[in-house]
Every structure is written in C-alpha cells, then in structure tokens.
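Mapped onto this note's numbering, the consecutive letters of the sequence shown carry residue numbers 375 to 439.
Cβ coordinates follow ideal geometry from the N, Cα and C atoms, glycine included.
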Amino acid sequence: MVKGRPELGDRYPSYLVKVVGGRYHCSCHSSLRPYASWRRRAVCSHVGSTILYRLVKRSRPSGLA
375 MVKGRPELGD RYPSYLVKVV GGRYHCSCHS SLRPYASWRR RAVCSHVGST
425 ILYRLVKRSR PSGLA
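Take a look at the structure:
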C-alpha cells in the first residue's frame with residue numbers, strides 16, 4: 375500500500391502495488407482511473423516508490439528499522 379500524495383498529483387488516499395508474475399501492477403493502472411493507459415506504459419510513481427523502498431530495505435543490515 376502506497377500513500378497518495380496530493381502535492382504530487384495523486385487523487386486518491388492510497389494505491390495498492392502488487393507483484394504478479396514478476397511485474398509490478400498498481401491500482402492506478404485500473405481503466406477507471408484517469409491517465410491509466412499512460413501509467414500502464416510507464417512506471418508510475420507508486421511502483422517506483424515501492425521498488426525504491428524494497429531496495430533500501432534489502433540493503434539495510436537486519437535489526438535496523
């Protein structure tokens with residue numbers, strides 16, 4: 375779950391990012407959401423932030439928050 379940021383243009387309070395078959399999918403890709411077709415072709419900020427979070431989390435030694 376990624377918190378929406380109105381100052382970055384998000385229209386919803388949260389977005390669900392899932393990994394399916396090795397690919398990231400975000401709830402902003404839903405055909406009911408504005409700009410969904412463009413977001414499906416590019417990496418949306420929600421997927422980008424999820425990837426960055428996972429990289430940072432993986433690089434920290436265990437036991438650190």
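Residue i CB to nearest heavy atom of the ligand FAD below 8 Å
| i | result |
| --- | --- |
| G378 | You won't find the ligand FAD in this model; it holds no ligand whatsoever. |
Test item: CB-CB of residue i and residue j under 9 Å
| i | j | result |
| --- | --- | --- |
| G424 | V394 | Before going on, a small fix: residue 424 reads as Thr here, not Gly. Cβ distance not < 9 Å, so T424 and V394 don't count as in contact. |
| C400 | V421 | yes |
Whole-number beta carbon distance between residue j and residue i, since they are thought to touch under 8 Å
| i | j | result |
| --- | --- | --- |
| S419 | L382 | 6 Å |
Reference residue i, options the options, closest by Cα
| i | options | result |
| --- | --- | --- |
| S388 | G396, R397 and G378 | G378 |
| Y408 | Y427, A416, R415 and R385 | First, the amino acid is wrong: residue 408 is Pro here, not Tyr. Per the Cα distances, R385. |
Spatial distance of residue i from residue j (CA atoms)
| i | j | result |
| --- | --- | --- |
| G405 | R397 | In the sequence as displayed, the identity of residue 405 is Ser instead of Gly. When rounded, the distance between both Cα atoms is 18 Å. |
| C402 | V391 | 9 Å |
Segments assigned alpha helix (DSSP H), at least 4 residues, entirely inside the region 388-428: Qualifying alpha helix (DSSP H) stretches, in chain order: 410-415.
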